[in-house]
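Novice:
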Amino acid sequence: MKFACYYPRVEYGFQVKVLREDSRAAFRLFETKITQVLHFTKDVKATANQMRNFLVRASCRLRLEPGKEYLIMGLDGATYDLEGHPQYLLDSNSWIEEMPSERLCRSTRQREYGTQGCQV
7 MKFACYYPRV EYGFQVKVLR EDSRAAFRLF ETKITQVLHF TKDVKATANQ MRNFLVRASC
67 RLRLEPGKEY LIMGLDGATY DLEGHPQYLL DSNSWIEEMP SERLCRSTRQ REYGTQGCQV
């Protein structure tokens, strides 16, 4: 999560839950609900439980599944939705990871990592 603080490489970092996917012209739109704000520069109104849209070019193979949570970090977008909230374009400079399920997080290995961190 420290990666989220590396400006200018990352201008936003959110943990989000994907609500739905929709096709829009040459893009796929993922409507999400923010579950945790990790970092922001321009999107100062971003708080938990707010909606944000993430766009990906239709030719991109990226798939985000509705109902799952993801960590998404990248550069601020220059477009806004109809309510004036920023929209984010996911591209090769974006960082996207599926958040592990609660069951997986309870496993011994994950608990040890959560309390002891990386042991190099």
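So that you can map any letter, position 108 of the sequence shown is 114 in this note's numbering, and since no number is skipped, the others follow by simple counting. Ideal Cβ placement from N, Cα and C applies to all residues, glycine included. Since the structure is predicted, the reported quantities are computational estimates derived from the model, not experimental observations.
Going by DSSP, name the residue or residues bridged to T85.
Specialist: For T85, which the question treats as bridged, DSSP gives the partners Q93.
Novice: Counting only the same chain and skipping the five closest in sequence on each side, list residues whose C-beta sits under 7 angstroms from that of M105.
Specialist: Closer than 7 angstroms at the Cβ level, and outside the excluded window around M105, lie Q21, E75, Y76, L77.
Novice: Is DSSP giving R26 helix, strand or coil here?
Specialist: Three-state DSSP puts R26 in a strand.
Novice: How long is the line joining the alpha carbons of G19 and A32, rounded to whole angstroms?
Specialist: Taking the straight line joining both Cα atoms gives about 25 angstroms.
Novice: Once you ignore the five residues that flank T47 on each side, which residues in its own chain have a CB closer than 8 angstroms to its CB?
Specialist: Once the five neighbours on either side are set aside, the close Cβ partners of T47 are Y13, E17, Y18, D82.
Novice: Compute the Euclidean distance between the alpha carbons of S98 and Q56, then round it to the nearest angstrom.
Specialist: Whole-angstrom Cα-Cα distance: 25 angstroms.
Novice: In the structure shown, what three-state DSSP assignment does E17 receive?
Specialist: Looking at E17 - three-state DSSP - the assignment turns out to be coil, as it is neither helix nor strand.
Novice: On the three-state DSSP scale, how would you describe L110?
Specialist: Residue state, collapsed to three classes: helix.
Novice: Along the chain, where does the beta strand (DSSP E) that runs through Q56 open and close?
Specialist: It is not in any beta strand (DSSP E) - Q56 carries neither H nor E in the DSSP assignment.
Novice: Below 8 angstroms on the Cβ atoms is my contact criterion, and I expect L95 with L68 to pass it. Report the Cβ-Cβ distance as a whole number of Å.
Specialist: In fact, because the Cβ distance is near 11 angstroms, the residues do not count as touching under 8 angstroms.
Novice: Rounded to whole angstroms, what is the Cα-Cα separation between H91 and L70?
Specialist: Going from the Cα of H91 to the Cα of L70 covers about 20 angstroms.
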